[in-house]
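Below is one structure; the comments refer to it alone.
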Amino acid sequence: MADEKPNHQENAEDDFANEEINNLAIIESNSQLEPVYAYPEHRDPAYRPWLIPTGPRKPTRYEEMQALMAKNLNYAVFGARCAFVFSIFILLDFLLPKIPMEAEVVAVKRSHAGSYQLLLGDSTVINISKKTMQSLRGNKLTVLRTRFFNVPYRLTDKENNSAGVEISIYGNFSFGPLALLVTSLFGVLRKKGTEFRFNLGVSSVVIALLNIAFLNVHKF
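Quick note: to get our numbering, add 14 to the position in the sequence shown (first position is 1).
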């Protein structure tokens, strides 16, 4: 009788252990059958990060522009330096004493804008305003021209009536050289900021091209 009682207790403990093992096995099998989501369900793929391919991120348009500016920055800075040298020549051309040249007016033509074109004996053309035309007398003129670019600056007749050439780079279009000098100077002196330096270089080149046109505006 004493041996039967311990055997009965051992059998009960074994049955309890087997029952616990079976319960754990059932729980594990159920957990494997049920899907587990790390993120909430959503129809939009943007809200399901596990579906987004994990590859190298494509650069944005702004980043591509930044890379392009950085690649061509040296060219932009070189353009700003050339534009600055050009602006210095324009400044010297304006400041240095002018060269007087005797000229004879061969023909006068009036444009649709109300200005007058003077065709001189040396085949050059000077475009002047109506006010300047009215202040001059006769067809013999002394033309003051600049030293570097040969731009007409002032006209004087034989009666000493004098008038400036308003339709020129040193007249109504004098803002062009000033804008070129300031923009190109900033483009040369600026040492930081890739985007800003690149824009200054490009702007300097564009303004320099405009000033080339302004140097010849008195002909049209």
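A virtual CB, placed ideally from N, CA and C, is assigned to each residue, including glycine.
According to DSSP, A121 shares a beta bridge with L133. Nearest neighbour of K145 by Cα position, chosen from I181, V119, F162, turns out to be I181.
Counting C-beta atoms within 10 angstroms of its own C-beta, Y167 has 16 or more neighbours from the protein chains shown and is therefore classed as buried. In this structure A90 is buried. Its beta-carbon is surrounded by 16 or more other beta-carbon atoms within 10 angstroms. Annotation for R159: the continuous beta strand (DSSP E) segment containing it runs 154-159. Within the same chain, I183, I221, L224, N225, F228 come within 8 Å of G190 by CB-CB distance, once the 5 residues on both sides are set aside.
Per DSSP, reduced to three states, the secondary structure at E116 is strand.
Relative to the Cα of L87, the nearest Cα in the group V216, K233, N230, T156 belongs to V216.
Beta-bridge pairing by DSSP links N141 to Q131. Here DSSP, grouped into helix, strand and coil, assigns Y184 to coil. Sequence-distant Cβ neighbours of L199 in its own chain, meaning closer than 7 Å and more than five residues away, are F98. For R168, the secondary structure class from DSSP, reduced to helix, strand or coil, is strand.
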